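Enquirer: Sharing a structure below in structure tokens format, with a few things to ask.
Numbering (UniProt numbering), first residue to last: 1 to 215.
The structure is reproduced here in structure tokens:
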């Protein structure tokens, strides 16, 4: 078996994220206490901007290993992202190595970060890929929904692709929930049902987060 992504590396990544996110923007973190302090956890994060992952990595109370598309691992970013415990995934195929790493992280009691929409979009959890349900049902790990709001409100003047410097970005952690029905089934039907349950929970959390933050 290949070596699992480093927890120590993910902690280094978390500390780098803290410095960068609080240095450039003003994160407001709500509900971080809801993340279980130990044991396997899946953070399901909406994805509307490139800073959403680093933002969650920096403000989450535990070091997080994100599943990140292989296209992001270019040039010096490749060894850097691998060094801080992130998981490279090929979205165009069944990436056995990424699956093994993700399940290994959860089996060892770690935190796995997933963008369940599969790609950057509206960030409204409207379209979920089956991967989140698979990892949740297979591992039994609870899912904590995470809403990142404000990263796309305005474009920065200095760097157009980033939110304005020192602008507020809200990160709202929701209540943990189990995706499975308690039967332990991993059939296609069971995973489809789990995906439906997950989508309802994530959409409800996003609605609550918008109401809470008035965004």
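Every residue, glycine too, gets a C-beta built ideally from N, C-alpha and C.
Bear in mind the structure is a predicted one, so any value in this text is a computation, not a measurement.
1) Rounding to the nearest angstrom, what Cα-Cα distance links residue 215 and residue 149 in this structure?
2) If contact is defined by three or more beta carbon pairs under 8 Å, each pair taking one atom from either stretch, is the stretch 108-116 in contact with the stretch 11-23?
3) Is the number of C-beta pairs between the stretch 132-145 and the stretch 183-200 that are closer than 8 Å three or more?
4) Tell me whether the beta-carbon of residue 63 lies closer than 9 Å to the beta-carbon of residue 35.
5) Enumerate in chain order the residues of its own chain whose CB-to-CB distance from residue 72 is below 6 Å, with the five nearest sequence positions on each side excluded.
6) Where do the N-terminal and C-terminal ends of the beta strand (DSSP E) with residue 165 fall, by residue?
7) Cβ of residue 144 within 9 Å of Cβ of residue 44?
8) Confirm, please, whether the CB-CB distance from residue 208 to residue 171 is below 9 Å.
9) Please confirm whether residue 8 and residue 131 have their CB atoms less than 9 Å apart.
10) Start and end of the alpha helix (DSSP H) containing residue 133?
Expert: A quick look at the data gives this:
1) Counting from one through the chain shown, the residue named residue 215 turns up at place 215. Counting from one through the chain shown, the residue named residue 149 turns up at place 149. Whole-angstrom Cα-Cα distance: 7 Å.
2) no
3) Counting Cβ pairs under 8 Å, three or more are found: they touch.
4) Your numbering for residue 63 matches position 63 in the chain shown. Your numbering for residue 35 matches position 35 in the chain shown. In this structure, residue 35 does not lie closer than 9 Å to residue 63 by Cβ.
5) Looking up residue 72 in the chain shown gives position 72. Result list for residue 72: empty, nothing under 6 Å.
6) In the chain shown, residue 165 corresponds to position 165, counting from 1. From DSSP, residue 165 is part of no beta strand (DSSP E); its letter is neither H nor E.
7) Numbered from its first residue, the chain shown carries residue 144 at position 144. Numbered from its first residue, the chain shown carries residue 44 at position 44. Taking 9 Å as the Cβ cut-off, residue 144 and residue 44 qualify as a contacting pair.
8) As a first step, residue 171 is located in the chain shown; it is residue number 171 there, counting from the start. As a first step, residue 208 is located in the chain shown; it is residue number 208 there, counting from the start. Residue 171 is not a Cβ neighbour of residue 208, given a cutoff of 9 Å.
9) Residue mapping note: residue 8 aligns to position 8 of the chain shown, counting from 1. Residue mapping note: residue 131 aligns to position 131 of the chain shown, counting from 1. Not in contact: residue 8 and residue 131 (Cβ atoms no closer than 9 Å).
10) As a position in the chain shown, residue 133 is number 133, starting the count at 1. The continuous alpha helix (DSSP H) containing residue 133 extends over residues 131-139.
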